[in-house]
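Accompanying notes for the structure given below.
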Amino acid sequence: MHTAVNLWPLLGIAVVVAGFLLRAHPVLVTIAACAVTGFAAAFPVAHILESIGSAFLKTRNLPLILLLPLAAIGLLERAGLKEHAQASIARIRSATTGRLLTVYLLVRELAAAFGLTSLGGHPNMVRPLVAPMAEAAAEARIGKIDDALRQRIRAMSAATDNVGLFFGEDVFVAFGAIVLMQTILRAEGLEVDPLHMALWGIPTAVSAFVIHAWNLRRLDRRIRWAAMREAGPRA
Amino acid sequence: MIAIDFFYLLVGLLFAATAVMNLRDRGNPRRFSTALFWGLYALVYLAGERLPPLAAGLLMVAMALVAGFGLVRPGRPQAVPEAARQASAARLGHRLLVPALAIPIVTMTGSTLLKDVQVDLFGFAGALLDPKNLTLVSMGCGAIAALALACAITRATPLQGVREARRLIDAMGWAVVLPHMLAVLGLLFSEAGAGKAVAHIVTSFIPMGSPLVACAAFCVGMALFTVVMGNGFAAFPVIAGGIGIPVLVGVYHANPAVMAAIGMFSAYCGTLMTPMAANFNVVPAALLELPDKNAVIKAQLPTALPLLGVNIVLLYLLMHQ
């Protein structure tokens, strides 16, 4: 029986870190890490390939979540789903930047929780709509905004999209992370109901909303101070 | 019984269609290698368990090489002009959301209400939905319902749906297989004992005598590993195998569902803090023309760090549920 723990398999983790740092192609980094991990555990080549192969077959349930809805989503996009979502977001009327972004956070998180992760994102929602609307709301209150504040508002718009997406999607029972967790736990001999994992994600999802909404209120306060500074010398 | 194999077959056919459409698309600069990549992936789904593990392993290596050397490119599918899409969006309005919402509704119905439904049809008797893969099978039914509704609402044919799916698969390219390959790496990590090695290191530095310390080590470990590896999917198997399963479940008898859910969300806190997750944190900074390329990460820190603290407390309070 082995008493010493073999630390060499950790080399695989080092390969992932080095690969991403060097900006190598993620798929090549992953396959290289597989090879290094296998060699570090002193597996023969054929054994490594067999392990990879059976794992590849065992985890082929994971991409189903992404792939099965594509035909329906693609048809809807062709019929203007994204344009409709953009028009709906553009109709949000809100007095302040912070409140506008809070509404977007809520919509994004709820949509992701229902599996609609494609309704949003940086290129098709944040850049053309959310960020300009957030800037416009601030300008409507204080007139001209300086570059530092403008950049802060844009960065918060992108952050809001990320927070809403990440902490909404894990609440949806069929999301990829949940299938991944189920597969990994199954390999370790633990059978877990995906519904329970989605359920126990809800407290964190709610906390994420509350914390980020509070940060958006702080952004509003910062905009108010900027407004007072603008108004100060003139008064 | 509606089994998961039926959906594997459908996805295999979808990849085969993607391969054929790319092969015939002269607008694709790499149509042969692109068709090879999707064709190999189709084989994984069509042949499935009939494929010997060694062959499947070689197949994955071949796919990784084709993708890694930039040989998978999108074709040039016909696109509908933006004005036409806007007109159609104005005409159909909220009706466009109906098929999209059918997916979660059918998924939830299938995995809760229809869970124990038995059928007795044409000499077949048994569960209606594959009980081992209940959510995935329910979701597959939801996707088919959504496709039918989308065809009805937009007056398109299912074949057009396949063309649109190919357009989206093309646009994602090799990113479609990355989560799948990371999951393979995760399973290989646990087979090679990376989790044991992490557990060994962690337990020799941090005393796991109190459950609160163990919860904190688990959540912070998840976040830190995601920061260095850039992806929660890569970090989860290592930390779950190193701390979550042996310590939280093994020693403190935590509920594995709570451990997994809060663990993955702790990993997401890490994703909010790392430039390695370029798509979420660095690309948007460029898109929004921000001179500081870490501006988005800086905006996310005041949410990510307190949330990580909340996760530790939630895990500590809820793990015995």
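Chains as they are written, first to last, in the working numbering: chain A, 11 to 245; chain B, 5 to 325. Virtual Cβ for every residue (Gly too), placed ideally from N, Cα, C.
What residue range is occupied by the uninterrupted alpha helix (DSSP H) comprising B/Pro76?
The residue asked about is misnamed: residue 76 of chain B is Val in this sequence, not Pro. B/Val76 -> no alpha helix (DSSP H), and no H or E assigned at all.
Verify the CB distance criterion: does B/Phe11 have a CB-CB separation below 7 Å to chain A?
Closer than 7 Å to some Cβ of chain A, the Cβ of B/Phe11 qualifies, so yes.
Start and end of the alpha helix (DSSP H) containing A/Asn210?
According to the sequence shown, residue 210 of chain A is Trp rather than Asn. Counting along the chain, the alpha helix (DSSP H) containing A/Trp210 begins and ends at Pro204 to Trp210.
Under a three-way DSSP split, which group does B/Gln122 fall into?
In this structure, B/Gln122 counts as strand in the three-state DSSP scheme.
Rounding to the nearest angstrom, what Cα-Cα distance links B/Leu63 and B/Ala179 in this structure?
If you take the alpha carbons of B/Leu63 and B/Ala179, they lie about 17 Å apart.
Does any C-beta atom of chain A lie closer than 7 Å to the C-beta of B/Ala104?
Yes, B/Ala104 lies at the interface with chain A (some Cβ there is under 7 Å from its Cβ).
Roughly how many whole angstroms lie between the Cα atoms of A/Met207 and A/Ile102?
Rounded to whole angstroms, A/Met207 to A/Ile102 spans 33 Å at the Cα level.
Under 7 Å between C-beta atoms, does B/Ser214 make it to chain A?
No - not a single Cβ of chain A is within 7 Å of the one on B/Ser214.
Does the beta carbon of A/Ala245 come closer than 7 Å to any beta carbon on chain B?
Legend: pLDDT at A/Ala245 = 45, less than 50; position of this residue unreliable, no value from coordinates given.
Within 10 Å of its beta-carbon, does B/Gly254 have 16 or more other beta-carbons around it, so buried, or fewer, so exposed?
Per the 10 Å Cβ criterion, exposed.
For chain B, is any of its Cβ atoms less than 7 Å away from the one on A/Arg137?
Yes, contact with chain B.
Report buried or exposed for A/Leu85, applying the criterion of at least 16 other Cβ atoms within 10 angstroms of its Cβ.
By the 10 Å Cβ count, A/Leu85 comes out buried.
If the cut-off is 9 Å on Cβ atoms, which residues from the segment 85-99 of chain A count as contacting chain B, listed in chain order?
Residues passing the 9 Å Cβ filter: Leu85, Leu86, Glu87, Arg88, Ala89, Gly90, Leu91, Lys92, Glu93, His94, Ala95, Gln96, Ala97 and Ser98.
Quick one: grab the DSSP three-state call for A/Leu72.
A/Leu72 falls in the coil class under three-state DSSP.
Heavy atom of the ligand ADP less than 6 Å from the Cβ of A/Phe53, yes or no?
For the ligand ADP, the structure offers nothing, since it holds no ligand at all.
Thinking C-alpha only, which one of B/Val202, B/Ala23, B/Phe11 and B/Val217 is nearest A/Leu72?
When each option's Cα is compared against that of A/Leu72, the closest is B/Phe11.
Applying a beta-carbon distance threshold of less than 7 Å, which residues of chain B neighbour A/Trp235?
Those within 7 Å of A/Trp235 in chain B number zero; the least Cβ separation is about 17 Å.
Helix, strand or coil for A/Ala245? Go by DSSP, reduced to three states.
Reliability fails at A/Ala245, whose pLDDT of 45 lies under 50, so the model's placement of it is uncertain and the value that follows must be treated cautiously. Coil at A/Ala245, not helix or strand.
Cβ of B/Gly177 within 7 Å of Cβ of B/Val314?
No, the pair does not count as a contact, with Cβ atoms beyond the cut-off.
Measure the beta-carbon distance from B/Ala71 to A/Val27 and round it to whole angstroms, keeping in mind my assumption that it falls under 8 Å.
The pair is not a contact, with the Cβ atoms about 21 Å apart (cut-off 8 Å).
Could you tell me whether any Cβ in chain B is nearer than 7 Å to the Cβ of A/Arg172?
A small correction: the amino acid at residue 172 of chain A is Asn; Arg does not occupy that position in the sequence shown. Taking Cβ atoms only, chain B reaches closer than 7 Å to A/Asn172, which makes this a yes.
So, under 8 Å CB-CB, A/Asn225 and B/Thr307 are touching, yes? Tell me the CB distance rounded to an integer number of Å.
At roughly 6 Å, the Cβ-Cβ gap stays under 8 Å, so A/Asn225 and B/Thr307 are in contact.
Quick one, which of A/Ala236, A/Ala65, A/Ile221 and A/Val113 has its alpha-carbon nearest A/Met143's?
Checking every option, the nearest Cα to that of A/Met143 belongs to A/Val113.
Run through chain B and tell me which residues come within less than 7 Å of A/Met207, C-beta to C-beta.
By Cβ distance, chain B contributes Ala261, Ala264 and Ala265.
Taking the continuous alpha helix (DSSP H) assigned at A/Lys92, which residues delimit it?
Element bounds for A/Lys92: Leu91 to Ala100.
For a cutoff of 7 Å on Cβ pairs, would you count A/Met11 as touching chain B?
Any reading at A/Met11 must be qualified, since the residue scores a pLDDT of 41, below 50, and its modelled position is unreliable; no value is offered.
Less than 6 Å between C-beta atoms, sequence neighbours within five positions excluded: which residues of the same chain meet that for A/Ala215?
Within the same chain, A/Ala215 has close Cβ partners Phe177 and Val181.
Quick one: what does DSSP say B/Leu182 is sitting in, helix, strand or coil?
It is helical.
Straight-line CA distance for B/Leu138 to B/Leu132?
About 10 Å.
A/Tyr114 lies in the alpha helix (DSSP H); which residues open and close that run?
Note, A/Tyr114: alpha helix (DSSP H), Thr107 to Ala123.
Does DSSP put A/Ala141 in a helix, in a strand, or in coil?
Note: A/Ala141 maps to helix in three-state DSSP.
Roughly how many angstroms separate the alpha carbons of B/Gly61 and A/Ser64, rounded to a whole number?
Going from the Cα of B/Gly61 to the Cα of A/Ser64 covers about 7 Å.
So, helix, strand or coil for A/Gly29, using DSSP?
Reduced to three states, the DSSP call for A/Gly29 is helix.
My understanding is that B/Leu27 touches B/Arg35, with C-beta atoms under 8 Å, so please give their C-beta distance in whole angstroms.
B/Leu27 to B/Arg35, Cβ: 6 Å. Contact.
Compute the Euclidean distance between the alpha carbons of B/Tyr45 and A/Ala148, then round it to the nearest angstrom.
So the alpha carbons of these two residues sit roughly 49 Å apart.
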